[in-house]
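One structure below.
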């Protein structure tokens with residue numbers, strides 16, 4: 045049986061009790077994406093894709109940023125002060141730095157994260 049070769053890293057960050065104003069402001073979300081890419085040394089490919097949609101309590105912003113080695117996506121729950129951020133890249137990056145940066149940027153009081161090495 046062949047040994048599986050490392051392909052990439054995926055980190056999912058669930059932020060709770062965030063500063064709601066940050067989750068509602070499209071310019072702050074774009075600033076977050078640019079700063080996160082700089083923090084983990086990822087080169088952005090094209091503009092941030094940011095759309096507001098949904099109904100009722102599920103209405104909010106969703107974001108996608110292509111990076112040269114894959115993508116960063118996020119969904120923001122303004123009503124409950126939560127953010128769900130995913131980073132995947134076949135270029136190695138520091139997952140702890142992603143978690144720390146996201147928590148600090150959105151002033152989250154609690155965070156859960158999941159890291160998976162993709163084979």
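Numbering (this note's numbering), first residue to last: 45 to 163.
Here a beta-carbon is modelled for each residue, glycine too, at the ideal position from N, C-alpha and C.
Contact between the segment 130 to 137 and the segment 51 to 70 is established, with three or more Cβ pairs separated by less than 8 Å.
Within the same chain, 81, 86, 87, 88, 89, 133 come within 7 Å of residue 111 by CB-CB distance, once the 5 residues on both sides are set aside. Residue environment analysis places residue 101 among the exposed positions, since fewer than 16 neighbouring C-beta atoms fall within 10 angstroms of its C-beta. In this structure, the straight-line span from the alpha carbon of residue 96 to that of residue 135 is close to 30 Å. Closest option to residue 142, judged by alpha-carbon separation, among 153, 116, 72, 120: 116. Of 120, 124, 156, the smallest CA-CA separation from residue 70 is found for 120. In this structure, residue 159 sits near residue 139, with a CB-CB distance shorter than 9 Å. Look at the segment 47 to 82 and you find these whole runs of beta strand (DSSP E), each 3 residues long or longer: 52 to 60. Beyond the five residues adjoining it in sequence on each side, residue 66 comes within less than 6 Å, by CB distance, of 72, 150 in the same chain, given in chain order. Residue pairing by DSSP places residue 109 opposite 116 in a beta bridge.
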